[in-house]
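Let me begin by presenting the structure, written as structure tokens, before commenting on it.
There are 2 protein chains.
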Amino acid sequence: MIPRPASVTRRAGGFPLSGAGPITAEPGLEGVAAWLSGLIPAGGIGLWLAAGLPPEGYVLDVTARGIEIRGGSPAGVFYGAQTLRQLLPAAALRPHRTGGGPSPGPLPVPAVRIEDAPRFAWRGVLLDVARHFMPVAGVLRFIDLAAFHKLNVLHLHLTDDQGWRVEVPGWPRLTSVGARRAASMLGARVHDRYDGRPHGGFYTADDLLEIVAYAAERHVTVVPEIDMPGHMQAAIAAYPELGSGAAREVRTSWGISPHVLNVRDATLDFCRAVLDHVCTIFPSELIGIGGDECPSGEWDGPDGRARVAAEGLAGPADLQAWFTARMAEHLALRGRRVFGWDEILAGGAPAGATIAAWRGTGPAVLAARSGHDVVSCPDTSVYLDYRQSDDPGEPTPVGTLLTVADVYAFEPVPAGLTAEEEKRIIGAQANVWTEHLESERRVDYQTYPRLCAFAEATWGPRRRDLADFRARLGPHLERLDALGVNYRPPSGPRPADARPGAPGHPRDLADRLAEVRAMTANLRHGA
Amino acid sequence: MIPRPASVTRRAGGFPLSGAGPITAEPGLEGVAAWLSGLIPAGGIGLWLAAGLPPEGYVLDVTARGIEIRGGSPAGVFYGAQTLRQLLPAAALRPHRTGGGPSPGPLPVPAVRIEDAPRFAWRGVLLDVARHFMPVAGVLRFIDLAAFHKLNVLHLHLTDDQGWRVEVPGWPRLTSVGARRAASMLGARVHDRYDGRPHGGFYTADDLLEIVAYAAERHVTVVPEIDMPGHMQAAIAAYPELGSGAAREVRTSWGISPHVLNVRDATLDFCRAVLDHVCTIFPSELIGIGGDECPSGEWDGPDGRARVAAEGLAGPADLQAWFTARMAEHLALRGRRVFGWDEILAGGAPAGATIAAWRGTGPAVLAARSGHDVVSCPDTSVYLDYRQSDDPGEPTPVGTLLTVADVYAFEPVPAGLTAEEEKRIIGAQANVWTEHLESERRVDYQTYPRLCAFAEATWGPRRRDLADFRARLGPHLERLDALGVNYRPPSGPRPADARPGAPGHPRDLADRLAEVRAMTANLRHGA
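Chains as they are written, first to last, in the working numbering: chain A, 1 to 527; chain X, 1001 to 1527.
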């Protein structure tokens, strides 16, 4: 099973699962019962809340008499049910075969007692639907697979230089212009190749509400992100008055755009209007506002200098802090808090902001010591667009080498924190950036099986056994086969996964770590 | 509603659908009840069998007291339930919103009595997963959408020159070699452009069993097709001894390959082995063996000439008939019948074979007069890869112009048949060839809304009203939005759907019809 439960006690015998429900479920667990009974023949299953368990913890008991799942909350019961699914033969993960068609007969469930609970509260995965749009059905499937691995946060990266993916009332050009680009780069940007093919798509409010509801059924919180003040070229192409006026089209190349928001009052009002709309759709208390990779030039140009003078700021870092504070104030009016990349630590992040620490461990340490909640996501450990091997058939190899073993070895809590500070590390997330992932199959390939390793690094204990994980990964890949996941085989890339026309640009780990240290030098000085 | 029911009687008032089931369902309808209760709040719904109705017919009664669906068979009840879904607000087609999340409250169902039954027994759609592989999840979604439009056959085109998509025990190279190609053409073959990107994928037996079971839940029969003796280059690349030895790779260009099966005994045994495996997976009585577009040269080369001499045949047409008869004999041992393209009429098709008549109406007439069941699918009426308009933004425009109105005007029964012969026209199918459809979004774009028009042409009466259809299509597109379908908007292609790098090759209708007449001249002489 992946992630490995905390305690598994095998017993003799088992329970033959067969026949339709009804599941016995106490009030409050109707959602879990409905979800589960659509997936497996659920007669003989009882679902219960148990006050003594951790909120996401559960106890699963399989005896000859039946199957009982007790959870500290509906989420705990849901995780117990996910574990139950992994106790069944892999073919049972094809619900339409067990439900109808040529039935395989009763499903044998081994008798067992499992006691389990996660280490971290935030077990997340970022999906970038800006660089490549993913239709709703694909997002739902992505959520379902993440929840199967007991992750509970989807960080949905909705906007970027290369595309704006959310319809906003009153701002029609965000989607009529900003949601598509004329072409896409093929491979890493150093090669300057393009595919000559338009790309686009966006979500209506109804689409996003469906994603939120589907995720909620699976106890996944969707944290939306509107990246600002950088990564805004798509919006600026739609409404040039939001920038310097120089950006007239949605960006077709990867990398960081120089075209960023200006800091006029009207532009801040635009940001507030977008966040207001986002708040009507996403119940998440945390709302992502990005804050990463905002180059100087336009940002601290005439408008920025006027703001610096008017507000008595010292320069770009203070400008960032001032801007972030305005958004935090606005979100606070709606009972929401800021979720931002660790760049917002420069100049001081707003109280209550949660930091996605992606540039090594330094920002995580700084943020925790400054009293911020931290989600660890260092690029060299959990950026799943990075290359999985040095096999020449690896599609578009970018970033540093990041094998399954590397992800498995990831420790979300950096060294050097006090016990009190360590509590600020609320979890971690793996980030699936999609510059080079133009299809669900490519997303599958980069995500799995590394997200399996990541799931165990956030659910399981600090001390883990790679050999034990590898032994469990074999049967788990049969589950992924049944779920139709185009994972990367341990033996290497399948020939059809190669992308010779989209060459990569591999990086060296030491070189990248030095770069990250240099990028975060301002944080160390500021701390 | 689409397809338009035969009779709709509106009444005053309605029924507010709310609350979970249970659905009242008589024995035999558990499957429909389980399917429906996963989609809508189904309390107050009763499902019944009614002996007096046609097998696929139904009566749907909505009153203030509840909703009753009576069907001539479970399929009829299923279609009644599909009609019920179309009576609900479009948002109800997002089951996760109505099931969980921010609930929209009770769903208003207008009081109505609907009596309905289809005109044709075969309401099919072909999906070509050979030219572009579609992952299982995509195929399931394709089936679900077809069933929503009350289609009941999926003709699954599993093999072709450009890829072999079904794992066959004992023949591992069919998938290790035959399931992928080194590159794909970009656009029509006259341009000779390639994308330089490998493409591949295949289905395991478990994958196909899941597809079959999912389809069965939706009362869709999956008719598999292994195209032979032409369209076999992928298999021959895997096992050169099946051909002339000249084809060493899976075809990367579109069009008809010269590399076809030889007619040695071992090659016929290969075909039988593949069909045996297919029969273990697909319960369909009809099994597709292709028979189309087999060029001379290799087919009637040394092996063929030896067969011609040994069997006393006159030439290629008789060779085709002899080969098809061997496959028919073999399928008959398993209680199956041949489903083949109209080329197998040349030289005489086996008794009991069903003919997919694609080259104009001539072959349909010939087949019906010869006592064969016929599925009408003339390319200039129902080949959905053909271009939808002459808009310059239309992606990869190929074939003849085939608008929604053209498809709507399609009449499956050709003129000139007697009443008895007309009964041989068991229905029709729309064919989604995927040379130019590399993604589900592209498949959506070519398929919808033309498949809506096709559904009405096979479900509804011979005399139909285009203006009435267009009026109903508007609200129906909102349903397709809720279902996440990337249909072609009536106003023209969305900019992001354009494919300037994959140019098409439009054809003129008169020119194509003349070509079709020439292609089928041998049939007229043979008749």
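We put the CB at the ideal spot given by N, CA and C, even for glycine.
Item	Value
Alpha carbon to alpha carbon, how far is R1337 (chain X) from L1286 (chain X)? Give it in angstroms, no decimals.	5 Å
Using a cut-off of 8 Å between C-beta atoms, extract the partners of A457 (chain A) located in chain X.	Neighbours of A457 (chain A) on chain X: none; closest Cβ ~27 Å, over 8 Å.
Is the segment 1152-1163 of chain X in contact with the segment 1220-1236 of chain X, if contact means three or more CB pairs nearer than 8 Å?	yes
Could you check the C-alpha separation between V535 (chain A) and E293 (chain A) for me, to the nearest Å?	Nothing about residue 535 (chain A) can be reported from this structure: the residues present for chain A run from 1 to 527 only.
Using the rule of at least 16 other Cβ atoms within 10 Å of the residue's Cβ for burial, across every protein chain shown, is H330 (chain A) buried or exposed?	buried
Quick check on E1217 (chain X) - is its C-beta less than 8 Å from some C-beta in chain A?	yes
Do you know whose CA, among X:R1189, X:A1419, X:T1204 and X:D1481, lies nearest V1168 (chain X)'s CA?	X:T1204
Alpha carbon to alpha carbon, how far is P135 (chain A) from R450 (chain A)?	23 Å
May I ask you to list, following chain order, the residues of the segment 231-253 of chain A that have a beta carbon less than 8 Å from some beta carbon of chain X?	none
Do you know offhand how far D391 (chain A)'s Cα is from R494 (chain A)'s?	11 Å
For the candidate residues X:G1046, X:V1250, X:V1260 and X:H1219, whose alpha-carbon lies nearest to that of G1230 (chain X)?	X:V1260
Examine chain A for any beta-carbon lying closer than 8 Å to the beta-carbon of G1334 (chain X), and answer yes or no.	Contrary to the premise, residue 1334 (chain X) reads as Arg rather than Gly in this sequence. Output row for R1334 (chain X): interface = no.
Within its chain, find whatever has a CB closer than 7 Å to the CB of P1005 (chain X); leave out the 5 residues flanking it on each side and keep chain order.	T1083, I1114 and D1116
Assuming the contact rule is C-beta atoms closer than 8 Å, W459 (chain A) and K150 (chain A) should be a hit. Round their C-beta distance to whole Å, please.	5 Å
What separation, rounded to the nearest whole angstrom, lies between the Cα atoms of Q429 (chain A) and I2 (chain A)?	17 Å
Suppose contacts are defined by Cβ-Cβ distances below 8 Å. Is R1462 (chain X) in contact with E1456 (chain X) by that definition?	no
With C-beta atoms as the reference, is I40 (chain A) less than 8 Å away from P95 (chain A)?	yes
CB A1111 (chain X) to CB A1064 (chain X), shorter than 8 Å?	yes
Who are the neighbours of D1206 (chain X) on chain A, taking C-beta pairs under 8 Å?	A91, R94, R97, D481 and A482
Quick one: what's R10 (chain A) bridged to in DSSP?	A:V112
Taking CB distances under 8 Å as the criterion, tell me whether Q1137 (chain X) reaches chain A.	Here residue 1137 (chain X) turns out to be Ala, not Gln, going by the sequence shown. Closer than 8 Å to some Cβ of chain A, the Cβ of A1137 (chain X) qualifies, so yes.
Thinking just about the alpha-carbon of each residue, which of A:D195, A:R180 and A:R181 is nearest to the one in G187 (chain A)?	A:D195
Answer with buried or exposed for V1407 (chain X), where buried requires no fewer than 16 other C-beta atoms within 10 angstroms of its C-beta.	buried
Mind checking if E26 (chain A) is an interface residue toward chain X, Cβ cutoff 8 Å exclusive?	no
With distance defined between alpha-carbon atoms, name the residue in A:V177, A:A215, A:L126 and A:P503 nearest to F148 (chain A).	A:A215
CA-CA distance, A1467 (chain X) and V1374 (chain X)?	30 Å
Decide if the segment 70-85 of chain A is in contact with the segment 402-420 of chain A; the criterion is three or more beta carbon pairs, one per stretch, under 8 Å apart.	no
Hey, does A1200 (chain X) have any beta-carbon neighbour from chain A nearer than 8 Å?	Going by the sequence as given, residue 1200 (chain X) is Gly instead of Ala. Cβ-Cβ to chain A under 8 Å: yes for G1200 (chain X).
Output, in chain order, the set of chain A residues within a Cβ distance shorter than 8 Å of D1195 (chain X).	G501
Measuring CB atoms only, is the segment 440-454 of chain A touching the segment 473-493 of chain A, in the sense that at least three cross pairs come out at less than 8 Å?	yes
Does N1152 (chain X) get closer than 8 Å to chain A when you measure Cβ to Cβ?	no
Can you name, in chain order, every residue of its own chain whose Cβ lies under 6 Å from the Cβ of R1010 (chain X), other than the five neighbours on each side?	V1112
Would you report the Cα separation of P118 (chain A) and H1505 (chain X), rounded to the nearest angstrom?	58 Å
Do A367 (chain A) and P350 (chain A) count as a contact pair if the criterion is CB distance below 8 Å?	no
Skipping 5 residues on each side, what residues in its chain have a beta carbon closer than 7 Å to that of A1246 (chain X)?	H1259
Below 8 Å on the Cβ atoms is my guess for H1199 (chain X) versus H1132 (chain X); work out the distance and round it to an integer in Å.	7 Å
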